[in-house]
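Asker: Going from the sequence shown to my numbering is simple: count from 1 and add 187.
Structure provided below as structure tokens; questions to follow.
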Amino acid sequence: MASIQDAISERIQAMNARVNNFKELGLYFYNQPVTELRGGARVLVNGREMGMFASYSYLGLVGHPKINAAAREAIDRYGTGTHGVRTLAGSLSLHRELEQTIADFKQTEAAITYTSGYVTNLTVVSTLVGRGDYVISDKLNHASIVDGCMMSGAKFLRFKHNDMEALEQRLQQVPSGYAKLVISDSVFSMDGDVIDFPKMVELCRKYDAWLMIDEAHSVGVLGKTGRGIEEHFGMEGAIDIKMGTLSKTIPSVGGYIAGKKDLIEYLRHASRAYIFSAALPPAQAAAAKAAFEVILEEPWRIEKLNKNTQQFINGLKERGFDTLFTTTAIVPVICGSDEIAFRMTRAAQLNDVFVLPVVSPAVPPGLSRLRATVTAAHEPAEIEYAMDVIYRAGKENGLVN
Ligand SMILES: *Cc1c(COP(=O)(O)O)cnc(C)c1O
């Protein structure tokens with residue numbers, strides 16, 4: 188291969204130099220494989236059994252027997268792949284059953300699935316808005332939303348995180364007669380805080396804007412039965428475009444939109460990721476469908492998640508940590524510099540607590556953190572142990588007294 192000296196090579200070398208620097212210091216923790224599930228929230232990593240505190244499996248459904256069985260059965264019935272894209276030969280009755288299950292769970296008329304949450308945001312935002320339209324997005328929205336907005340070609344307006352006055356200013360900025368789409372995470376993926384949903388809904392109605400909410404971190408987490416942010420606020424039917432992923436609480440892979448029949452029918456015929464990318468594999472579709480059923484059949488999981496979340500947030504705060512404004516299962520432990528975040532990670536993992544650091548540019552510089560998560564699979568004693576480990580690491584690194 189030719190060795191070309193240009194901007195591409197420089198970019199590759201600059202990133203790899205940063206990575207190698209942390210690897211040499213023994214402070215690199217990304218891309219570590221889990222080699223075995225050990226039951227509950229225990230996993231085997233690097234030959235050590237650890238408590239998993241970085242999982243998105245909020246209700247502890249990875250490995251659930253009913254979900255595993257559904258996946259196996261689907262393979263026996265349909266094989267491991269499909270005959271292509273949904274529009275042509277790739278649709279299975281299983282896909283329609285999954286979409287009906289999602290529509291029922293989200294209390295909408297219909298739903299459509301895609302092969303990832305990332306792709307769902309990319310394709311749906313860029314299908315719904317384009318040149319001549321306006322898309323208005325919270326500054327801390329997930330990367331897939333940001334990328335969808337940029338790809339759409341619509342005027343892309345961002346507002347200060349969770350600041351509804353700033354949102355209203357943006358809405359007022361749009362000249363009359365233009366289509367407007369407001370998009371937000373329900374629970375923010377790095378900070379764990381919840382959007383001011385009632386006010387956002389009110390503003391969208393006042394200014395005739397469409398509202399799209401990304402429920403990646405609220406399905407199975409918010410609401411008495413885990414249905415998400417509308418249930419949490421008692422505002423069923425307030426969202427026009429309900430987006431979610433099948434890769435977090437739902438232990439599969441894929442993404443979906445739930446909404447009115449007209450909207451879903453339009454997306455089936457206009458969104459490029461549906462038309463030009465293969466259908467969800469049978470095992471993953473069946474697992475996702477079974478998981479929605481398990482959430483409703485085993486409500487104790489949501490109760491346990493809520494208890495564990497309270498224990499974790501309160502315990503870390505009592506120990507002196509800054510956890511920002513989280514009220515959910517995503518708990519940032521602010522460290523400041525990248526290096527402190529990496530040192531905290533090392534100390535935790537050396538004591539068999541699997542947490543991971545998040546550093547800039549994923550979060551603002553100076554707000555590097557452990558991004559810890561708690562799930563329904565944890566036992567109170569495991570949470571207490573993890574908090575003590577994080578506390579000792581925090582003391583060594585001057586974060587707490
Ligand atoms: C994880 C995530 C996605 C992407 O979902 P995948 O299914 O992992 O592609 C989208 N939005 C938010 C807010 C997320 O946290």
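Every residue gets a Cβ at the ideal spot worked out from N, C-alpha and C, and that includes glycine.
Determine the direct distance from the alpha carbon of Leu554 to that of Ser547, and round the result to whole angstroms.
Answerer: 8 Å
Asker: Just list the residues that DSSP pairs Pro519 with in beta bridges.
Answerer: Arg558
Asker: Give every residue of the same chain whose Cβ lies closer than 6 Å to the Cβ of Ile451, excluding the five residues on either side of it in the sequence, and list them in chain order.
Answerer: Ala297, Ile299
Asker: Give me the Cα-Cα distance between Thr310 and Phe508, rounded to the nearest whole angstrom.
Answerer: 39 Å
Asker: Note down, one range per segment and in chain order, each beta strand (DSSP E) of at least 3 residues found wholly within the stretch 394-471.
Answerer: 397-401, 428-432, 442-446
Asker: Excluding five sequence neighbours on each side, which residues of the same chain lie with their C-beta closer than 7 Å to the C-beta of Thr496?
Answerer: Contacts found: Thr515, Ala516, Val561.
Asker: Drop a sphere of 10 angstroms on the beta-carbon of Tyr217, count the other beta-carbons inside from all chains shown, and report buried for 16 or more, exposed for fewer.
Answerer: When all chains shown are included, Tyr217 counts as exposed.
Asker: Can you tell me where the alpha helix (DSSP H) holding Lys253 begins and where it ends?
Answerer: 252-265
Asker: State the Cα-Cα distance for the pair Ile489 and Leu248, rounded to the nearest angstrom.
Answerer: 11 Å
Asker: Assuming Ile289 and Ala445 form a contact by the criterion Cβ under 8 Å, report the distance between their Cβ atoms to the nearest whole angstrom.
Answerer: 6 Å
Asker: Just mark Gln471 as buried or exposed, buried being the case when its beta carbon has 16 or more other beta carbons within 10 Å.
Answerer: buried
Asker: Would you call Ile382 buried or exposed, if buried means 16 or more other Cβ atoms sit within 10 Å of its Cβ?
Answerer: buried
Asker: Less than 7 Å between the CB of His329 and some heavy atom of ligand 1, yes or no?
Answerer: yes
Asker: What did DSSP end up calling Asp509 once you bin it into helix, strand or coil?
Answerer: DSSP, reduced to helix, strand and coil, places Asp509 outside both helices and strands of the structure shown, so it counts as coil.
Asker: Rounded to whole angstroms, what's the CA-CA distance from Gln287 to Gly442? Just pull it up for me.
Answerer: Between Gln287 and Gly442, the C-alpha separation is close to 14 Å.
Asker: Does DSSP classify Val369 as helix, strand or coil?
Answerer: Looking at Val369 - three-state DSSP - the assignment turns out to be strand.
Asker: For Met574 and Phe420, what's the separation of their Cα atoms in angstroms?
Answerer: 30 Å
Asker: If you draw a straight line from the C-alpha of Met399 to the C-alpha of Met430, how long is it?
Answerer: 7 Å
Asker: Sort out for me which residues DSSP pairs Lys342 with in a bridge.
Answerer: Tyr321
Asker: Can we count Gly589 as close to ligand 1, meaning its CB is less than 7 Å from some heavy atom?
Answerer: Only positions 188 to 588 of the chain appear in this structure, which leaves residue 589 out of reach.
Asker: Answer with buried or exposed for Tyr365, where buried requires no fewer than 16 other C-beta atoms within 10 angstroms of its C-beta.
Answerer: With fewer than 16 other Cβ atoms within 10 Å, it is exposed.
Asker: Can you pull the DSSP bridge partners for Leu275?
Answerer: None, per the DSSP bridge assignment.
Asker: Mind the definition here: the stretch 479-487 touches the stretch 460-471 only if three or more C-beta pairs lie below 8 Å; say whether that holds.
Answerer: no
Asker: Would you check if there are 3 or more beta carbon pairs closer than 8 Å linking the stretch 350-365 to the stretch 400-411?
Answerer: no
Asker: Under the three-state reduction of DSSP, which class applies to Tyr572: helix, strand or coil?
Answerer: helix
Asker: Starting from Arg235, follow its DSSP beta bridges and name the residues at the other end.
Answerer: Val232
Asker: Going by CA-CA distance only, name the one from Leu327, Glu284, His329, Val369 that's closest to Lys342.
Answerer: Val369
Asker: Within the present structure, is the beta-carbon of Asn308 separated from the nearest heavy atom of ligand 1 by less than 7 Å?
Answerer: yes
Asker: Would you tell me roughly how many angstroms separate the C-alpha atoms of Thr436 and Leu409, rounded to the nearest one?
Answerer: 11 Å
Asker: Anyone know if the C-beta pair for Ala568 and Ala257 falls short of 8 Å?
Answerer: no
Asker: Under 8 Å between the Cβ atoms of Val232 and Gln219?
Answerer: yes
Asker: Contact defined as beta carbons within less than 8 Å: I believe Ile416 pairs with Phe375. What is the distance between those atoms, to the nearest angstrom?
Answerer: That pair is no contact at about 12 Å.
Asker: Leaving aside the five residues before and after Val406 along the sequence, list all residues of the same chain whose C-beta is less than 6 Å from its C-beta, in chain order.
Answerer: Exclusion of the five residues before and after Val406 leaves Gly415, Gly431, Thr436 as the residues of its chain whose Cβ lies within less than 6 Å of its Cβ.
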